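Residues in the sequence shown are numbered consecutively from 5, following this note's numbering.
C-beta: ideal position from N, C-alpha, C; glycine also.
Here the structure is a predicted model, which is why all the values come from computation and not from measurement.
Structure record follows, encoded as structure tokens.
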Amino acid sequence: MDFFLDTGEVNEIKEAAKWGIIDGVTTNPSLIAKSGRNQFDVIKEIVEIVNGPISAEVIATDVDGMIKEGEELANIHENVVIKLPLTEAGITACKWFSDNQIKTNVTLCFSVNQALLAAKNGATFISPFIGRLDDIGHDGPGLIEEIRNIYDNYGFETKILAASIRHALHVREAAMVGADVATMPFKVVKSLFKHPLTDKGLEAFLNDHKKANNLN
Ligand code: G3P
């Protein structure tokens, strides 16, 4: 399973990149707005930090505007992936980008039928928002499982990118049902390392070492 960082904060990306486990980055207009910076400037920095797929989302809602913006974003670096909303225009633009060998990440996916549309038009990634589904009492990881089954039924190559991840359990659930990628906030990545028994066990090892070697 690939791990992507879901953020527009370059400092978070720099720190997480040191761990060697980050395979890509996803951004969206809200994350870029939160960074307080220009989208192009942020993406230009990120591509120099992480050598993997970097998702940059278009703002346009019409096909021509999406294509124009997407081409400009794709020109930043070969690793830039164009993020498109799951709308008629976004799915139409997805076909254009796919036909022109530009990678895409179709986002704001909340149903299997939406995921089918993206795969049919050659999306590189599909982003089901599992946290937002859980937020309203639906089964976010269950949607991933259904998409996995249907993509495998027909041999679709679109990669399932579990998004809107709220906590470490979502990462486990996404992995259990076969998501190709999990994109998560910095705090969730950090939480993956932690377990109280690990901390307790290490403390005991070190204390025993100190005692055996008369160290204080
Ligand atoms: O990449 C999509 C993700 O950023 C959405 O997360 O927490 O706004 O549902 P959230």
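The Cβ atoms of methionine 188 and aspartate 10 lie closer than 7 Å to each other. If you compare the alpha carbons of Glu49, His81 and Ile95 with that of aspartate 68, the shortest gap goes to Ile95. Between aspartate 27 and the set Ile36, Ile17 and Leu35, the nearest pair of CA atoms involves Ile17. For serine 195, the distance from the CB to the nearest heavy atom of ligand 1 is not below 6 Å. Counting along the chain, no alpha helix (DSSP H) covers asparagine 109; the unbroken beta strand (DSSP E) around it starts and ends at 108–113.
In this structure, the beta-carbon distance from leucine 77 to alanine 60 falls below 7 Å. Of the heavy atoms belonging to ligand 1, none sits nearer than 6 Å to the Cβ of threonine 128. For phenylalanine 101, the closest alpha carbon among the candidates Gly40, Ala21 and Lys72 is that of Lys72.
Under the 8 Å Cβ criterion, the region 46–55 does not count as touching the region 107–114, having fewer than three qualifying pairs. By the Cβ-count criterion, aspartate 138 is buried, with 16 or more other Cβ atoms from all chains shown falling within 10 Å of its own Cβ. In this structure, DSSP gives phenylalanine 129 an extended state, which the three-state scheme calls strand. For aspartate 68, the Cβ stays outside the 6 Å cut-off from all heavy atoms of ligand 1. 7 Å or more divides the Cβ of glutamate 19 from the Cβ of serine 39. The region 145–156 makes contact with the region 181–200: 3 or more CB pairs, one atom from each, lie closer than 8 Å.
DSSP, reduced to helix, strand and coil, places lysine 18 within a helical segment of the structure shown. In this model, asparagine 218 and aspartate 45 are separated by some 55 Å (Cα to Cα). Counting along the chain, serine 59 sits inside the beta strand (DSSP E) bounded by residues 58–61. Taking 7 Å as the cut-off, the Cβ atoms of leucine 88 and phenylalanine 129 do not count as close. Annotation: lysine 214 to alanine 208 spans about 10 Å, alpha carbon to alpha carbon.
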